[in-house]
Amino acid sequence: MKPVISLIFTAGGSADTFHEKLAGQTFKEYEIIEADRFAGIERAHGEYILFVDGSEVYPENMLEKLHDAAEQSGSDMVISNCELIDSDGGKTFGRGVHFEWVHGGKKVFSWRDCRGRIMNVARPLVGNKLYRKQFIMDAGLHCAGCDSEILYSALGAAAAAKIVYVNDLTFSRNVVPESEDEKLPDVPKTVDCVTEHVKGMADRTDLWNAVMYFAIRQYVDNYEKYCRELDSAERIEFYEKAHSVFNSEIFDGLTEKGLNDDKLFRKYSIMKKHDSSELKKLKTRRIIVSLTSYPARIAGIAQMLESIYSQTRKADKIVLWLAEEQFPNKDDDLPDDLRKLQSEDKLEVRWCDDLKPHKKYFYALQEFTDDVVVTIDDDLQYSPYMLENLYMSYLQYPDAVSAVRTHWMVISEKGELLPYRYWMKETDACLYRPKMQLFATGGAGTLYPPGIYDDKWFDKAKMVDMCLWADDIWLKLIEIMSEVPVVAAMPCEDLRYLPGSQEVGLYHKNVNADQNDVQLQKIEKWLKPEYGDNALAKKILEYDGEPVEDALIRVCECHEKERRELRDEIGRNSRQLKKRIEENERAHREKSEINAKLQRTYKEKSEINAKLQQTYKEKADRGIRIKELEKEKSDLQAKLGELQAEKADIQKKLEQLQAENVVLQKQRSIWYKIKK
102 MKPVISLIFT AGGSADTFHE KLAGQTFKEY EIIEADRFAG IERAHGEYIL FVDGSEVYPE
162 NMLEKLHDAA EQSGSDMVIS NCELIDSDGG KTFGRGVHFE WVHGGKKVFS WRDCRGRIMN
222 VARPLVGNKL YRKQFIMDAG LHCAGCDSEI LYSALGAAAA AKIVYVNDLT FSRNVVPESE
282 DEKLPDVPKT VDCVTEHVKG MADRTDLWNA VMYFAIRQYV DNYEKYCREL DSAERIEFYE
342 KAHSVFNSEI FDGLTEKGLN DDKLFRKYSI MKKHDSSELK KLKTRRIIVS LTSYPARIAG
402 IAQMLESIYS QTRKADKIVL WLAEEQFPNK DDDLPDDLRK LQSEDKLEVR WCDDLKPHKK
462 YFYALQEFTD DVVVTIDDDL QYSPYMLENL YMSYLQYPDA VSAVRTHWMV ISEKGELLPY
522 RYWMKETDAC LYRPKMQLFA TGGAGTLYPP GIYDDKWFDK AKMVDMCLWA DDIWLKLIEI
582 MSEVPVVAAM PCEDLRYLPG SQEVGLYHKN VNADQNDVQL QKIEKWLKPE YGDNALAKKI
642 LEYDGEPVED ALIRVCECHE KERRELRDEI GRNSRQLKKR IEENERAHRE KSEINAKLQR
702 TYKEKSEINA KLQQTYKEKA DRGIRIKELE KEKSDLQAKL GELQAEKADI QKKLEQLQAE
762 NVVLQKQRSI WYKIKK
């Protein structure tokens with residue numbers, strides 16, 4: 102009988118043990134071919150092909166479910182899940198598909214459902230994909246030129262017209278440790294090979310972006326998983342290889358838009374920009390989180406710090422700067438929860454002069470000159486990814502200030518900086534790009550690289566005189582004059598304030614009373630003798646600033662991106678809503694059917710109860726009748742006893758009469774004799 106599934110055993114050596122593993126399969130129409138991938142394809146007789154290496158432990162219905170899924174869906178590829186077992190027995194569940202990338206969460210999909218990422222959608226594991234043999238031949242995958250499972254899986258996903266994911270099917274496989282190079286395909290060769298295969302396909306641009314995404318993902322993932330610390334010659338060699346590849350012609354002209362993954366593009370940019378020695382130097386910098394507070398808010402600091410302790414990228418030190426004149430008894434004036442954090446070395450309290458909001462950066466930037474300083478506010482709760490995003494932005498742009506929340510400083514056609522109220526607040530118009538025209542708001546989370554400010558700018562008297570209540574404006578002055586741009590390190594989010602913390606705040610003092618503009622005017626007046634009118638605007642435009650029209654264009658681009666994202670989100674939500682409506686309608690129908698069944702059941706129960714009542718009554722009547730019959734029986738038995746006694750008496754009398762009759766007969770006989 103011709104086999105339906107050909108299992109190509111690619112591991113080399115004997116497949117006898119694997120034969121034994123498959124003995125319990127419910128689907129028996131298979132063959133095992135011991136050969137490399139492409140020789141095995143040539144020798145395969147089955148309609149479907151499954152590549153294996155012998156480390157798989159399949160459930161007994163594995164082949165049956167793969168075959169049924171392929172037949173029912175008409176798919177070119179069928180993908181299952183896998184549980185990875187390491188040498189210590191540890192288990193890791195590996196979903197067969199990066200399901201979050203598939204448009205609408207479809208179980209049957211193609212590259213059109215995950216444009217730009219199709220080559221990374223299928224998890225590249227030997228043994229988790231069933232291929233239709235005719236598809237392999239038609240797509241040219243029988244001679245792809247590369248035996249890498251990662252590449253083969255990617256090519257198959259790109260070429261397949263239909264892929265089905267069986268999410269309720271999982272097998273196990275033992276993991277054999279490999280070196281970093283063994284885990285990674287040759288990216289230039291991969292790109293050349295994939296380019297050749299997608300050349301004749303429709304929508305080549307989407308597939309080319311998928312090639313770029315695929316190649317970058319391989320290097321970035323392996324770097325983060327195995328080589329992040331760069332603490333060995335092997336890891337440094339791997340990183341340098343990635344750095345070299347990313348700087349090759351293959352990646353010329355690659356943009357964030359083409360890759361369509363901001364986070365991955367930033368990681369790629371870091372590896373492209375820095376060689377291993379530069380990156381190691383940057384990563385030796387500690388992260389110092391610096392903040393300040395005052396008596397009215399000191400009670401909420403411990404609660405606020407919970408969001409800092411739970412960051413995905415941990416701080417090396419957290420320093421709280423407090424004014425001695427506001428806390429005359431120093432530690433004795435602090436709440437118990439803060440003193441507890443001090444005793445656990447989770448918080449360091451420093452005492453200083455009262456420089457109002459400037460305390461959170463002024464002393465830290467001068468003391469921690471070899472480290473990065475991140476300023477935060479005492480009244481906010483922070484996203485757990487805040488420090489991670491700031492740190493990634495720092496690695497990408499180590500000579501820029503990176504901020505969570507930024508405003509766009511609008512400059513008029515006349516080259517004048519418009520008042521603060523006209524600035525574009527909390528804009529994402531220049532996300533992940535260093536721009537002098539961006540204004541960082543320090544409290545939402547702002548990272549300052551070491552050594553970017555000259556000591557002359559730490560002029561306490563001048564700062565107090567011009568910007569005592571506006572630390573962000575003073576810092577922006579320093580950045581403009583020092584030619585240090587600002588990067589928006591993550592999309593703006595709504596600020597999450599601690600309850601009750603906004604009764605007093607700088608926002609009310611500075612913005613609501615237009616004090617920001619007052620302090621900006623003071624700065625302009627101070628700069629005028631040396632730099633002339635509109636000094637800040639001139640400096641911004643000299644660096645990379647844009648007039649209002651260009652700024653509006655950028656904002657429109659940003660809004661267009663947001664509109665597309667919102668449209669996509671609305672589309673996803675609409676599909677989810679439609680699915681939920683269908684589920685609700687189905688549930689409603691099922692509920693109606695269940696209610697109807699319940700009504701019938703209640704009716705049947707009532708009828709049964711009525712019959713039971715009738716039965717109980719009949720039983721009671723029978724009980725009464727039985728008692729009557731038992732009494733009648735007792736009476737009859739008594740009467741019978743009486744009759745039997747009478748019978749005995751009559752019998753006795755009869756015996757007496759018979760005896761008397763015998764006597765009389767004798768007498769009569771004697772009398773007859775005498776008479777004769």
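Everything in the sequence shown is counted per the working numbering, starting at 102 for the first residue and increasing by one.
Note that the Cβ used here is the ideal one computed from N, Cα and C, for glycine as well.
With DSSP run on the structure shown, which of helix, strand or coil describes Thr-127?
coil
Taking 6 Å as the limit between beta carbons, can you name the residues of its chain near Val-612, skipping five residues before and five after?
In this predicted model, Val-612 has a pLDDT of only 45, less than 50, meaning its place in the structure is not dependable; the value taken from the coordinates is given anyway. Counting only Cβ-Cβ distances below 6 Å, and skipping sequence neighbours, we find nothing.
Rounded C-alpha distance that separates Ala-259 from Leu-308
7 Å
Using the DSSP secondary-structure output, state which residues sit across from Trp-509 in a beta bridge.
Met-525 and Leu-539
Contact between the segment 211-219 and the segment 152-170 is defined here as three or more beta-carbon pairs at a separation below 8 Å; is this criterion met?
no
4 or more residues per run - each alpha helix (DSSP H) lying fully within the segment 355-399:
357-360, 363-374 and 377-384
Residues in the same chain with beta-carbon distance under 7 Å from Glu-580, minus the five sequence neighbours each way, listed in chain order, please.
Val-502 and Val-587
Out of curiosity, what's the CA-to-CA distance linking Arg-398 and Phe-428?
12 Å
Environment of Gly-354 [buried if 16+ CB atoms lie within 10 Å]:
exposed
Can you look up Tyr-159 in the DSSP assignment and give me helix, strand or coil?
coil
Nearest by alpha-carbon distance to Gln-538: which of Met-525, Tyr-549 and Ala-749 is it?
Met-525
Output the distance between the C-alpha atoms of Val-222 and Met-238, rounded to the nearest integer angstrom.
22 Å
Look at the alpha carbon of Thr-118 and the alpha carbon of Ala-112, and state the distance between them as a whole number of angstroms.
12 Å
By how many angstroms is the C-alpha of Thr-476 removed from the C-alpha of Thr-470?
15 Å
Would you check if the distance between the CB atom of Arg-387 and the CB atom of Asp-472 is smaller than 7 Å?
yes
From the DSSP output, in three-state form, read off Met-102 for me.
coil
Environment of Val-179 [buried if 16+ CB atoms lie within 10 Å]
buried
Can you list, in chain order, the residues of its chain whose CB lies under 7 Å from that of Gln-467, leaving out five sequence neighbours each side?
Phe-559
Given a threshold of 16 other Cβ atoms within 10 Å of its Cβ, counted over all protein chains shown, does Val-764 qualify as buried or as exposed?
exposed
Below 8 Å, can you find three or more Cβ-Cβ pairs linking the segment 503-511 to the segment 439-450?
no
Buried or exposed by the 16-neighbour rule on C-beta atoms within 10 Å, applied to Asn-828
Outside the shown range of the chain (102 to 777) lies residue 828, about which nothing can therefore be said.
So Thr-476 is in the beta strand (DSSP E); what residue range does that whole segment cover?
473-476
What is the DSSP secondary structure of Lys-767, reduced to helix, strand or coil?
helix
So, using beta-carbon positions, are Val-390 and Ala-416 closer together than 7 Å?
yes
Report buried or exposed for Met-102, applying the criterion of at least 16 other Cβ atoms within 10 angstroms of its Cβ.
exposed
Between the segment 448-460 and the segment 365-372, can you find at least three pairs of beta-carbon atoms closer than 8 Å?
no
What are the residues that DSSP puts in a beta bridge with Thr-118?
According to DSSP, which records beta bridges pairwise, Thr-118 is partnered with nothing at all.
Name the two residues that bound the continuous alpha helix (DSSP H) containing Arg-224.
No alpha helix (DSSP H) contains Arg-224, which DSSP labels as neither H nor E.
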